[in-house]
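Written out below as structure tokens is the structure these notes cover.
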Amino acid sequence: MASSDLVQYQKQIQQLLPLIDDDTAFEQKLDELSKPYPASAKLLIKMEVKRLSEPCNKAVDLRGKVRGECRKYTLSGKTFWLDDHAINHYRKRSDVYNRQFTEGLREEILQIAKKNRTEKPKEETFCDSRPWLQAEYFEYARGILRKESRYKIASSVTLVKVDAPLFTPTPLIFRSQG
Numbered sequence: 004m005a006s007s008d009l010v011q012y013q014k015q016i017q018q019l020l021p022l023i024d025d026d027t028a029f030e031q032k033l034d035e036l037s038k039p040y041p042a043s044a045k046l047l048i049k050m051e052v053k054r055l056s057e058p059c060n061k062a063v064d065l066r067g068k069v070r071g072e073c074r075k076y077t078l079s080g081k082t083f084w085l086d087d088h089a090i091n092h093y094r095k096r097s098d099v100y101n102r103q104f105t106e107g108l109r110e111e112i113l114q115i116a117k118k119n120r121t122e123k124p125k126e127e128t129f130c131d132s133r134p135w136l137q138a139e140y141f142e143y144a145r146g147i148l149r150k151e152s153r154y155k156i157a158s159s160v161t162l163v164k165v166d167a168p169l170f171t172p173t174p175l176i177f178r179s180q181g
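Here our numbering is used: the first residue of the sequence shown is 4, the next is one more, and so on.
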């Protein structure tokens, strides 16, 4: 499911997320929101809401990935290392996901972390201009290419011998010319 297909339905998906535990309310709201769209769109919306509300067993560790200090939190029985932006987002959005840590909430936290990512310093290239360190360039193994094409012919053979098991070798013939 391409995320580009779902961009136009984000508003409907966000409205349906809190209703995922109540099947009748979810179906009614889904029918109401997807009425102007084709049936395939309704299916896409429903599948995406189900995917986003799946429980997530993966913990999030943002240490070294974001600017600022990360602290240890135990949420939904799992240990997380989150910065202030991520924990605030978790607290705001956990009600939408019925106070569960889900795939959707994990994706949102990682998206927040991506925006707040630390900039790694660019490595300086070592350039020593001393002439004795500069090697002369040469091409290696340029003339090893074959002058003619080779054909590989394989055929399946079954050898049958009285009082012996079947033997099925595959003879190979390499020919330089067809």
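Heads up, the beta-carbon is just placed ideally off N, CA and C, and yes, glycines get one too.
Report task. Assign Pro172 to one of three DSSP states: helix, strand, or coil. Result -> Annotated three-state conformation of Pro172 is coil, per DSSP.
Query raised in the report: Pairing CB atoms from the stretch 48-55 with CB atoms from the stretch 97-113, are three or more of them under 8 Å?
Result: With three or more CB-CB distances shorter than 8 Å, the stretch 48-55 counts as touching the stretch 97-113.
Query raised in the report: Is it buried or exposed for Phe170, if we count other Cβ within 10 angstroms and need 16 for buried?
Result: exposed
Query raised in the report: With Ala116 and Phe83 assumed to form a contact (beta carbons below 8 Å), what rounded beta-carbon distance in angstroms separates them?
Result: No, Ala116 and Phe83 are not in contact; Cβ-Cβ is about 11 Å, not under 8 Å.
Requested in this report: Assuming Lys182 and Gln18 form a contact by the criterion Cβ under 8 Å, report the distance between their Cβ atoms to the nearest whole angstrom.
Outcome: Since the first residue shown for the chain is 4 and the last is 181, residue 182 is missing from the structure and cannot be characterised.
**Report entry** Option nearest Arg70 by Cα separation, candidates His88, Asp8, Asp34
**Finding:** It is His88 whose Cα lies nearest to the Cα of Arg70.
Query raised in the report: If we ignore side chains and look at the alpha-carbon of each, how far apart do Arg120 and Asp25 end up?
Result: 37 Å
Query raised in the report: Using DSSP with H/G/I as helix, E/B as strand and the rest coil, what is Pro21?
Result: helix
Report task. Please name the residue in Gln15, Asp166, Lys75 whose C-alpha comes closest to that of Lys49. Result -> Gln15
Query raised in the report: Can you name the residues that DSSP bridges to Ile115?
Result: Bridge partners of Ile115 according to DSSP: none are assigned.
Query - Residue span of the alpha helix (DSSP H) that contains Tyr93, given as start and end - result: 87-96
Query - Nonlocal neighbours in the same chain, by C-beta distance under 8 Å from Thr105, ignoring five residues either side - result: Leu55, Ser56, Glu57, Pro58, Cys59
**Report entry** Alpha carbon of Asp34 to alpha carbon of Ser43, nearest angstrom
**Finding:** 13 Å
Query - Local conformation of Lys104 per DSSP, three classes - result: Position check: residue 104 holds Phe in this sequence, whereas Lys was assumed. Reduced to three states, the DSSP call for Phe104 is coil.
**Report entry** For Asp8 and Glu30, the rounded distance between their alpha carbons
**Finding:** 21 Å
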